[in-house]
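Undergrad: Starting off with a structure, shown below.
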Amino acid sequence: MSRFKTLMFFTTLLLVSVLILIAINLTEKRLDASIKKNNLYFTGQIRNAPPIVVFTTVAMGSFRGLLADVLWLRAASLQEEGNYFEMVQLASWITKLQPRFSGATAYLAWNMAYNISVTCSLPEDRWRWIQEGIKLIRDEALVYNPADPSLYKELGWIFQHKLGNIMDDYNLYYKNRLAMEMEQVFGPKPDWQLLASAPRDNSALLKVIPNSAKFMELLSKSKYESLDKLFEEFKKRSALPPDFINLVDAPRITDLLDNYFRALWLRETYKLEPALINSINNKYGVLDWRTPEAQALYWATKGLEKTLGHRDLSCERMITQALKESFVSGKILMIDKEKFERIIMIPNLSVVDSVKRTFEEAYENNEKQSTFLSAKLNFMQEAIILLYNYGKFSKAAEYYKMLQKEEPGKYRATLEGFVMEQWASEVRDASVKKATDIISGLIFRSCYFIAYGDDDAALASERMARYIYNTYQLSHQDTQVRVGLASYREIKNTATATCIKSLPPVLAEILKSRLQEDTARKNEEEKEAKEKEAAGKN
Numbered sequence: 001m002s003r004f005k006t007l008m009f010f011t012t013l014l015l016v017s018v019l020i021l022i023a024i025n026l027t028e029k030r031l032d033a034s035i036k037k038n039n040l041y042f043t044g045q046i047r048n049a050p051p052i053v054v055f056t057t058v059a060m061g062s063f064r065g066l067l068a069d070v071l072w073l074r075a076a077s078l079q080e081e082g083n084y085f086e087m088v089q090l091a092s093w094i095t096k097l098q099p100r101f102s103g104a105t106a107y108l109a110w111n112m113a114y115n116i117s118v119t120c121s122l123p124e125d126r127w128r129w130i131q132e133g134i135k136l137i138r139d140e141a142l143v144y145n146p147a148d149p150s151l152y153k154e155l156g157w158i159f160q161h162k163l164g165n166i167m168d169d170y171n172l173y174y175k176n177r178l179a180m181e182m183e184q185v186f187g188p189k190p191d192w193q194l195l196a197s198a199p200r201d202n203s204a205l206l207k208v209i210p211n212s213a214k215f216m217e218l219l220s221k222s223k224y225e226s227l228d229k230l231f232e233e234f235k236k237r238s239a240l241p242p243d244f245i246n247l248v249d250a251p252r253i254t255d256l257l258d259n260y261f262r263a264l265w266l267r268e269t270y271k272l273e274p275a276l277i278n279s280i281n282n283k284y285g286v287l288d289w290r291t292p293e294a295q296a297l298y299w300a301t302k303g304l305e306k307t308l309g310h311r312d313l314s315c316e317r318m319i320t321q322a323l324k325e326s327f328v329s330g331k332i333l334m335i336d337k338e339k340f341e342r343i344i345m346i347p348n349l350s351v352v353d354s355v356k357r358t359f360e361e362a363y364e365n366n367e368k369q370s371t372f373l374s375a376k377l378n379f380m381q382e383a384i385i386l387l388y389n390y391g392k393f394s395k396a397a398e399y400y401k402m403l404q405k406e407e408p409g410k411y412r413a414t415l416e417g418f419v420m421e422q423w424a425s426e427v428r429d430a431s432v433k434k435a436t437d438i439i440s441g442l443i444f445r446s447c448y449f450i451a452y453g454d455d456d457a458a459l460a461s462e463r464m465a466r467y468i469y470n471t472y473q474l475s476h477q478d479t480q481v482r483v484g485l486a487s488y489r490e491i492k493n494t495a496t497a498t499c500i501k502s503l504p505p506v507l508a509e510i511l512k513s514r515l516q517e518d519t520a521r522k523n524e525e526e527k528e529a530k531e532k533e534a535a536g537k538n
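Heads up: the sequence shown runs through residues 1 to 538, numbered per my numbering.
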């Protein structure tokens with residue numbers, strides 16, 4: 001080979017090598033970007049993984065991807081055919097084969113909670129699919145990806161949007177079922193500080209039980225035999241069995257056991273840490289943990305806690321939204337344990353300042369994004385109305401002054417004028433039926449407050465109902481013959497009778513008794529007024 005040909009040959013090889021290196025570099029950058037976007041990492045980084053995950057990652061190696069593709073195709077085929085029986089197992093297998101592909105798990109969970117659930121006609125079937133979607137993220141994906149904020153956001157979104165929103169026809173069923181489950185675990189009035197300080201395992205429990213040796217001897221001779229079997233019985237009853245309580249005959253020990261089992265139940269089944277719940281309550285105000293919004297707030301907070309740097313825009317948005325919804329309707333007054341068709345929720349007014357502060361913090365922490373500022377202003381308007389409606393007039397005035405400072409010159413009316421205008425706008429263009437429904441709903445709510453002993457809220461609801469009634473009648477006085485409402489007394493009597501029928505017997509009797517007392521008091525006041533008037537004339 002001549003020198004020229006040799007030079008050309010090596011030059012060509014060099015150029016080809018350079019081109020190959022450039023191509024490899026570009027491909028590597030694209031792969032790195034894809035890995036970062038989809039949270040794809042080497043599976044060997046997983047620690048403390050279940051045996052099945054270790055087996056699939058080591059034994060199958062790169063063939064895991066091929067098998068996962070086959071399962072994806074199988075899942076898509078089943079869904080097109082409307083055959084969903086294998087979907088839960090397929091989703092679990094796919095998650096185990098691709099444990100680091102959190103995007104795939106999020107999609108599978110969303111698909112079960114949203115797409116598959118709505119194909120079911122029965123609410124209990126829909127609830128089952130929603131629960132499977134929650135479990136896929138909560139019980140599997142987060143075990144393999146504990147620092148992935150997107151998974152916490154997706155899990156919180158199912159609670160906040162699917163369960164907490166009203167878009168699904170069976171949203172009342174979901175809210176009731178969630179509330180019942182949670183109440184079964186931690187009771188109607190949990191002491192979160194006690195639950196947070198409860199022992200974490202059996203050995204820790206025995207260290208704090210007085211005379212633990214004697215206790216274990218009593219337990220072994222009972223029909224429950226061990227702490228684990230006693231725990232299983234506790235979960236069936238949501239309480240310690242009466243025969244065991246009588247056997248131990250030590251309130252201090254049974255109280256310890258009750259708190260321990262409830263905390264353990266929360267951690268094992270629902271992956272909720274009582275200590276974090278207690279911390280959230282201390283930060284924002286005591287939340288009703290039977291509500292979807294509180295659950296969404298928990299998972300978003302957990303996401304920030306686990307994320308590097310404790311910053312994630314999606315989780316921060318969820319915290320502000322969930323906390324705001326907790327203010328609007330974050331306390332459950334009554335659940336329907338039989339038909340799951342009604343749930344009475346009222347605002348959690350105690351968190352109002354926390355909501356405002358959280359919006360402000362999110363605004364400052366995220367380069368002053370205007371969406372957080374707009375959300376804060378909208379919240380303040382809504383807060384003023386709710387505070388006023390529930391008799392918190394001084395707090396409503398405080399927020400109205402702050403709103404006027406936030407947007408100078410925009411709000412010139414008095415507080416009462418602002419509130420009345422908001423009330424009136426609800427029914428100004430409403431039909432007779434809609435206006436009647438709004439007024440009846442307020443009276444209905446007032447009756448519930450009376451039954452539950454919240455007189456301030458009852459008075460505020462009644463006052464609002466009367467105002468809306470009078471405003472509607474005045475705005476339609478030229479067409480009273482055609483569109484006039486029934487008398488206020490008739491609407492009130494109907495709504496009150498409906499409320500009495502819907503209440504449990506005990507509460508119905510309380511309501512009837514309170515209403516009779518109120519009627520007697522008003523009659524007495526009218527009698528005294530007439531007597532004074534007559535005495536003045538004489």
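We put the beta carbon where it would ideally sit given N, CA and C, even for glycine. The model shown is predicted, which means the values in this text are computed figures rather than measured ones.
1) Taking contact to mean at least 3 C-beta pairs separated by less than 8 Å, is the region 217-225 in contact with the region 291-310?
2) Which residue from ARG138, MET345, ARG463 and PHE9 puts its Cα closest to that of ILE335?
3) Pull up the distance between the alpha-carbon of TYR260 and that of LYS153, whole angstroms please.
4) I'd like the ranges of any beta strand (DSSP E) spanning at least 3 consecutive residues and lying wholly in the region 52-134.
5) Expressed to the nearest angstrom, what Euclidean distance is found between the alpha-carbon atoms of GLU531 and TYR467?
6) For ILE332, report the span of its beta strand (DSSP E) as first-last.
7) So, LEU323 versus THR358, is the Cβ gap smaller than 7 Å?
8) If I measure Cβ to Cβ from ALA397 and keep anything under 7 Å in the same chain, skipping five residues before and after, which residues do I get?
9) Could you give the uninterrupted runs of the beta strand (DSSP E) lying entirely in the region 307-353, keeping only those of 3 residues or more?
10) For a test of the three-state rule: what should DSSP assign to TRP289, helix, strand or coil?
11) Taking the C-alpha atoms as reference points, what is the distance between LEU230 and ALA457?
12) Over what stretch of residues does the alpha helix (DSSP H) that includes ASP255 continue unbroken?
13) Grab me the residues of LEU387's own chain with a C-beta within less than 8 Å of its C-beta, minus the 5 sequence neighbours each way, in chain order.
14) To the nearest angstrom, how far is the alpha carbon of ASN312 from that of GLU181?
15) Can you give the beta carbon distance from SER440 to ALA495, rounded, assuming they're within the 8 Å contact cut?
16) One question on the structure: do ILE543 and ALA113 come within less than 7 Å of each other, judged by their Cβ atoms?
17) How long is the line joining the alpha carbons of ARG463 and TRP423, rounded to whole angstroms?
18) Is the separation between the beta-carbon of GLN184 and that of SER238 shorter than 7 Å?
19) Could you give the first and the last residue of the continuous alpha helix (DSSP H) run that contains LYS175?
20) So, GLU325 versus GLU293, is the Cβ gap smaller than 7 Å?
21) Inspect the CB distances between the region 114-130 and the region 268-279 and report whether three or more fall short of 8 Å.
22) Among PRO274, ASN246, PRO210 and GLU233, which one has its Cα closest to the Cα of ARG252?
23) Return helix, strand or coil for LEU136, following the three-state DSSP convention.
24) Let me make sure I understand the geometry here. Which of GLU364, SER17, ILE166 and ILE343 has the alpha-carbon closest to that of ALA179?
25) Which of helix, strand or coil does DSSP assign to SER487?
26) Take SER461 as the anchor and find which of GLN473, ASN470 and TYR448 has the nearest alpha-carbon.
27) May I ask which residues mark the beginning and end of the alpha helix (DSSP H) holding LEU611?
28) Could you tell me the distance, in whole angstroms, from the CA atom of GLY409 to the CA atom of ASN389?
29) Going straight from the alpha carbon of GLY391 to that of VAL88, what length do you get?
30) Can you tell which of ARG3, LYS331, SER354 and LYS339 has its C-alpha closest to the C-alpha of PRO347?
31) Leaving out the 5 sequence neighbours to the left and right, which residues in its chain are closer than 7 Å to ASN165 when beta-carbon positions are compared?
32) So, at 7 Å on beta carbons, what are the nonlocal neighbours of PHE42 in its own chain, with the 5 sequence-adjacent residues on each side left out?
33) Got a sec? Which residues, its chain only, sit under 8 Å from LEU90 by beta carbon, not counting five neighbours each side?
34) Between the alpha carbons of LEU507 and GLU421, how many angstroms are there, rounded?
35) What's the call for LYS405, buried or exposed, on a 16-neighbour Cβ count within 10 Å?
36) Is it right to say GLY44 is buried, meaning 16 or more other beta carbons lie within 10 angstroms of its own, or is it exposed?
TA: Short version:
1) no
2) MET345
3) 29 Å
4) none
5) 30 Å
6) 331-335
7) yes
8) LEU415
9) 331-335 and 343-346
10) coil
11) 43 Å
12) 251-270
13) LEU349, VAL352, PHE393, LYS395, ALA396 and TYR399
14) The residue you asked about is not Asn; residue 312 is Asp in the sequence shown. Cα to Cα, the separation comes out at about 30 Å.
15) 4 Å
16) The structure shown does not extend to residue 543, since the chain is modelled only from 1 through 538, so no value can be given for it.
17) 11 Å
18) yes
19) 171-186
20) yes
21) no
22) PRO210
23) helix
24) ILE343
25) coil
26) TYR448
27) Missing from the structure shown is residue 611; the chain here goes from 1 to 538 and no further.
28) 25 Å
29) 49 Å
30) LYS331
31) ASN171
32) Its pLDDT being 47, under 50, PHE42 is placed unreliably by the model, and nothing is read from it.
33) LEU71, ARG74, ALA75 and LEU78
34) 35 Å
35) exposed
36) Because the pLDDT at GLY44 is just 47, under 50, the model does not fix this residue reliably, and the value given afterwards should be weighed accordingly. It is exposed - the Cβ of GLY44 has fewer than 16 other Cβ atoms within 10 Å.
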